[in-house]
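In my numbering, the protein residues as written are 21 to 123.
C-beta: ideal position from N, C-alpha, C; glycine also.
Keep in mind it's a predicted model, so treat the numbers as computed, not measured.
Read through the structure below, which is laid out as C-alpha coordinates, and then see the notes.
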(Lines of atoms letter the chains of each structure in order from A; the text may use other names.)
(Lines give C-alpha, C1' and ligand atoms only; values in the text may rest on other atoms or scores of the structure.)
Protein backbone atom coordinates (compact mmCIF):
# COMPACT_ATOMS: atom_id res chain seq x y z
CA UNK A 21 0.00 0.00 0.00
CA UNK A 22 2.85 2.44 0.69
CA UNK A 23 4.18 1.99 -2.86
CA UNK A 24 0.86 3.25 -4.23
CA UNK A 25 0.91 6.25 -1.85
CA UNK A 26 4.46 7.01 -2.95
CA UNK A 27 3.47 6.97 -6.64
CA UNK A 28 0.46 9.18 -5.96
CA UNK A 29 2.65 11.63 -4.04
CA UNK A 30 5.23 11.76 -6.85
CA UNK A 31 2.54 12.39 -9.47
CA UNK A 32 0.94 15.09 -7.31
CA UNK A 33 4.30 16.83 -6.88
CA UNK A 34 4.93 16.79 -10.61
CA UNK A 35 1.66 18.61 -11.24
CA UNK A 36 2.23 21.02 -8.35
CA UNK A 37 5.70 22.09 -9.51
CA UNK A 38 5.83 25.73 -10.56
CA UNK A 39 6.12 26.66 -14.21
CA UNK A 40 9.36 28.50 -14.88
CA UNK A 41 9.60 31.16 -17.55
CA UNK A 42 12.77 32.38 -19.15
CA UNK A 43 14.41 35.63 -18.14
CA UNK A 44 14.65 39.07 -19.69
CA UNK A 45 18.18 40.27 -20.53
CA UNK A 46 18.38 42.20 -17.24
CA UNK A 47 17.53 39.07 -15.23
CA UNK A 48 13.84 39.34 -14.30
CA UNK A 49 11.51 36.49 -15.30
CA UNK A 50 8.78 36.70 -17.89
CA UNK A 51 5.50 35.31 -16.61
CA UNK A 52 4.65 31.71 -17.42
CA UNK A 53 1.29 32.89 -18.79
CA UNK A 54 3.17 34.78 -21.52
CA UNK A 55 5.69 32.30 -22.83
CA UNK A 56 6.82 28.75 -23.29
CA UNK A 57 10.42 29.30 -22.23
CA UNK A 58 11.35 30.99 -25.54
CA UNK A 59 8.50 33.22 -26.72
CA UNK A 60 9.50 36.62 -25.26
CA UNK A 61 12.17 39.14 -26.13
CA UNK A 62 13.21 42.71 -25.48
CA UNK A 63 12.02 44.98 -28.28
CA UNK A 64 14.32 47.46 -29.99
CA UNK A 65 13.79 51.18 -29.40
CA UNK A 66 10.94 52.46 -31.57
CA UNK A 67 9.39 49.01 -32.15
CA UNK A 68 6.39 49.82 -29.93
CA UNK A 69 4.63 53.17 -30.18
CA UNK A 70 2.30 54.71 -27.63
CA UNK A 71 -0.84 56.00 -29.40
CA UNK A 72 -4.05 57.59 -28.10
CA UNK A 73 -5.77 54.17 -28.33
CA UNK A 74 -3.04 51.84 -27.07
CA UNK A 75 0.35 50.41 -27.91
CA UNK A 76 1.10 49.85 -31.60
CA UNK A 77 3.52 47.13 -32.70
CA UNK A 78 5.25 48.85 -35.62
CA UNK A 79 6.27 45.74 -37.61
CA UNK A 80 2.74 44.24 -37.65
CA UNK A 81 0.45 47.20 -36.99
CA UNK A 82 -1.15 45.34 -34.07
CA UNK A 83 -2.86 47.70 -31.63
CA UNK A 84 -3.03 46.56 -28.00
CA UNK A 85 -5.47 48.73 -26.05
CA UNK A 86 -4.42 50.21 -22.74
CA UNK A 87 -6.95 48.09 -20.84
CA UNK A 88 -5.97 44.82 -22.52
CA UNK A 89 -5.12 42.01 -20.09
CA UNK A 90 -2.08 41.08 -22.22
CA UNK A 91 -0.30 44.20 -20.99
CA UNK A 92 2.09 43.45 -18.15
CA UNK A 93 4.49 45.71 -16.25
CA UNK A 94 8.09 45.59 -17.43
CA UNK A 95 10.67 45.47 -14.66
CA UNK A 96 13.12 47.59 -16.63
CA UNK A 97 12.96 50.53 -19.02
CA UNK A 98 12.27 48.45 -22.12
CA UNK A 99 9.26 47.02 -23.92
CA UNK A 100 9.22 43.23 -24.13
CA UNK A 101 6.92 41.28 -26.42
CA UNK A 102 5.83 37.65 -26.47
CA UNK A 103 4.43 35.81 -29.50
CA UNK A 104 3.99 32.20 -30.51
CA UNK A 105 7.45 30.83 -31.38
CA UNK A 106 8.95 34.29 -30.73
CA UNK A 107 7.99 35.36 -34.24
CA UNK A 108 8.34 39.18 -34.43
CA UNK A 109 5.97 39.20 -37.44
CA UNK A 110 3.19 37.33 -35.61
CA UNK A 111 -0.02 39.28 -36.02
CA UNK A 112 -1.08 38.76 -32.39
CA UNK A 113 1.00 39.19 -29.27
CA UNK A 114 0.59 36.91 -26.27
CA UNK A 115 1.86 39.61 -23.87
CA UNK A 116 3.40 43.04 -24.01
CA UNK A 117 5.57 44.13 -21.11
CA UNK A 118 5.41 47.91 -20.79
CA UNK A 119 8.01 49.98 -18.88
CA UNK A 120 6.86 52.32 -16.15
CA UNK A 121 6.19 55.85 -17.40
CA UNK A 122 8.77 57.22 -14.96
CA UNK A 123 11.59 55.41 -16.80
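Within 8 Å, do at least three Cβ pairs link the segment 63 to 79 to the segment 42 to 52?
With the cut-off at 8 Å, the segment 42 to 52 and the segment 63 to 79 do not touch.
Which partner residues of residue 61 appear in the DSSP bridge assignment?
Start at 1 with the first residue of the chain shown, and residue 61 comes out as number 41. According to DSSP, which records beta bridges pairwise, residue 61 is partnered with 101.
To the nearest angstrom, how far is the alpha carbon of residue 97 from that of residue 112?
The count along the chain shown starts at 1 and reaches residue 97 at position 77. The count along the chain shown starts at 1 and reaches residue 112 at position 92. Each residue's alpha carbon lies about 23 Å from the other.
From what residue to what residue does the beta strand (DSSP E) around residue 66 run?
For the purposes of this step, residue 66 is taken as residue 46 along the chain shown, with counting starting at 1. Note, residue 66: premise wrong, no beta strand (DSSP E); not H, not E.
Use the C-beta contact count for residue 105: other C-beta atoms within 10 angstroms, 16 or more gives buried, fewer gives exposed.
Here residue 105 is taken as the residue at index 85 of the chain shown, counted from 1. The residue is exposed, with fewer than 16 neighbouring Cβ atoms inside 10 Å.
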